[in-house]
Every structure is written in structure tokens, then in C-alpha cells.
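Novice:
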Amino acid sequence: MDALKALHERVSAPRLSAPPPSGEVLANIQKAAFRAADHGRMRPWRFLVLEGDGLHALGELFVRAEQANNADLSDKERQRAQAKPLRAPMVIVAIASPQVSPKVPEIEQLISTGAAVQNMITAAYAQHVGAIWRTGDYAYDRTVMAGLGLSEEEKIVGFLYLGTMDFTPPPAPEALISEYFQSWP
Ligand SMILES: Cc1cc2nc3c(=O)[nH]c(=O)nc-3n(C[C@H](O)[C@H](O)[C@H](O)COP(=O)(O)O)c2cc1C
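Now the structure itself:
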């Protein structure tokens with residue numbers, strides 16, 4: 001797909017099925033992360049790619065996170081948490097790994113990691129792969145972060161759900177560009 005078409009038309013796909021992206025298609029998505037604007041080319045990120053057992057293990061972590069807040073978790077609540085990562089056949093956990101730098105503040109490194117995720121979802125769309133960037137409370141939960149092996153400095157920027165679109169998502173609403181871009185002064 002033409003780059004501008006993907007940039008202008010990308011939409012999220014909330015319902016995703018197998019198969020996940022693989023081979024060159026997946027490699028193209030991963031490679032796109034590395035063209036995010038990145039002050040000092042620090043590559044302040046890392047990514048965990050989860051499929052199959054990995055998704056079940058993430059579900060278990062979500063359950064443990066719920067249990068840490070509520071010892072009397074009902075079966076329904078447990079199942080709900082366990083099933084969350086199974087909404088796609090692949091989840092990529094995008095982790096910001098900020099480094100101490102005299103030149104590049106932490107916030108810029110977090111933004112770069114977000115830009116890397118944006119590049120990945122656009123690269124997915126350009127190849128007709130469904131994608132949605134999710135966070136939710138689990139992204140900021142210490143049980144989940146520790147279970148995924150994050151260091152104290154690291155942060156989850158997103159869970160990138162990837163797979164085959166169950167249906168073609170409707171086009172994005174037209175943006176009122178002139179409301180957001182104004183000449184100055
Ligand atoms: C940092 C971040 C976190 C998000 N977290 C969620 C989420 O947890 N659940 C969700 O449904 N959408 C979430 N979204 C929004 C979707 O990824 C998506 O952008 C939104 O539904 C609009 O759809 P569109 O991408 O087709 O315009 C998040 C977006 C960002 C940038």
C-alpha cells in the first residue's frame with residue numbers, strides 16, 4: 001500500500017483472529033519501529049512478542065494483577081482477565097527502556113517508543129494486517145510489569161494486538177484539520 005494512503009486511512013481493528021502476521025510481513029512491522037523519530041538514536045525500547053502459550057501466560061498475569069487488588073475474585077472476573085490477551089493471535093508488548101542521558105530526557109524516550117508503536121500499527125495496516133494499540137490498567141500494574149520482567153525504569157507503552165481482521169473496519173471519521181492547524185501569529 002502507498003505510504004500516504006496508509007498514513008491517511010489507518011484504522012484500528014478491535015476483533016482479530018488467527019493467523020498472526022509472520023515471516024516478511026511481521027519483519028516489516030518490526031522494522032518500521034526503528035524508523036520512529038528517536039533523539040540521539042538511542043533506541044530506548046524493547047518488545048516482547050507473545051503467541052500461543054505466551055498469551056495464556058499474559059492472561060495469568062492479568063489474573064494475578066486482579067487478585068492483588070481483590071482477593072475475592074469471582075470466576076467470571078478471573079475468566080475475563082484471563083481471556084483479555086486472547087483477543088488476538090499475537091500481542092507485542094512495547095516497553096520503553098529509558099536510559100540516563102544528559103541530552104535526551106526520559107519523556108522524549110517514552111514519546112519515541114510511542115512513535116515506534118505508531119509506525120508498527122501503520123506498517124500493519126499497509127500490509128492488511130489488523131492491529132490495535134491497547135493499554136488499560138494492566139499496562140501500569142506492578143504485578144504485570146514485574147511478571148514481564150520490566151526493570152524499575154521501564155514502562156509499558158502499549159499492548160499491540162495483531163492478527164487477521166474479522167471484518168473490514170469502517171473508515172475513520174473525517175478530521176476537521178483546520179480546527180487543529182492554525183497559522184501563527
Ligand atoms: C496509548 C494508547 C492507549 C490506548 N489504549 C486503548 C485501550 O486500552 N483500549 C482501547 O479500546 N483503545 C485504546 N486505545 C485507542 C485505540 O488504539 C484506537 O486508536 C482508538 O480506538 C481509535 O481508533 P482508530 O485508531 O481506528 O482511529 C489506545 C490508544 C493509545 C494511543
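Going by my numbering, the sequence shown wraps up at 185, each residue one higher than the last. Yeah, the Cβ is synthetic: ideal placement off N, Cα and C, and Gly gets one too.
Does the Cβ-Cβ distance between Ile132 and Ser17 come in under 8 Å?
Specialist: The answer is no: Cβ separation not under 8 Å.
Novice: Near Tyr161, what residues of its chain come up, given a Cβ to Cβ distance below 7 Å and the 5 sequence neighbours on each side ignored?
Specialist: Contacts found: Leu16, Arg87, Ala88, Val91, Ala131, Ile132 and Arg134.
Novice: Would you say the beta carbon of Thr135 is closer than 7 Å to some non-hydrogen atom of ligand 1?
Specialist: Indeed, a heavy atom of ligand 1 lies less than 7 Å from the Cβ.
Novice: So, Ala139 versus Gly163, is the Cβ gap smaller than 8 Å?
Specialist: It is not a contact, given that the beta carbons lie outside the stated cut-off.
Novice: Identify, in the order they occur along the chain, each residue of the same chain with its Cβ nearer than 6 Å to the Cβ of Ala33, setting aside the five sequence neighbours on each side.
Specialist: Contacts found: Ala116, Asn119 and Met120.
Novice: Can you give the beta carbon distance from Gly147 to Arg46, rounded, assuming they're within the 8 Å contact cut?
Specialist: About 16 Å separates the two Cβ atoms, so there is no contact after all.
Novice: Near Asp38, which residues of its chain fall below 6 Å by C-beta distance, leaving aside the five closest residues on each side in sequence?
Specialist: Counting only Cβ-Cβ distances below 6 Å, and skipping sequence neighbours, we find Ser112.
Novice: Going along the chain, which residues of its own chain have a beta-carbon closer than 8 Å to the beta-carbon of Gln127, five neighbours each way excluded?
Specialist: Excluding positions up to five away in sequence, the list reads Met1, Pro21, Val25, Asn28 and Ile29.
Novice: Looking at C-alpha atoms only, which residue of Asn70, Ala83 and Pro44 is the closest neighbour of Glu60?
Specialist: Among Asn70, Ala83 and Pro44, the Cα nearest to that of Glu60 is on Ala83.
Novice: Nearest to Leu50 by CA position, among Val93, Ala71, Arg78 and Arg35, is which residue?
Specialist: That would be Val93, whose Cα lies nearest to the Cα of Leu50.
Novice: List the endpoints of the continuous alpha helix (DSSP H) containing Tyr125.
Specialist: Run containing Tyr125: Glu106 to Ala126, per the alpha helix (DSSP H) assignment.
Novice: Taking only runs that begin and end inside the segment 19 to 57, name each unbroken beta strand (DSSP E) of 3 or more residues, in chain order.
Specialist: Counting only runs of 3 or more, we get 45 to 50.
Novice: For Phe204 and Gly114, I'd like the C-alpha separation in whole angstroms.
Specialist: No information on residue 204 is available, as it lies outside the stretch 1 to 185 that the chain covers here.
Novice: Going by Cα to Cα distance, which pick from Leu4, Ser178, Leu150 and Thr143 is closest to Gln67?
Specialist: When each option's Cα is compared against that of Gln67, the closest is Thr143.
Novice: Can you say whether Thr168 is buried or exposed, counting buried as having 16 or more other CB atoms within 10 angstroms of its CB?
Specialist: The residue is exposed, with fewer than 16 neighbouring Cβ atoms inside 10 Å.
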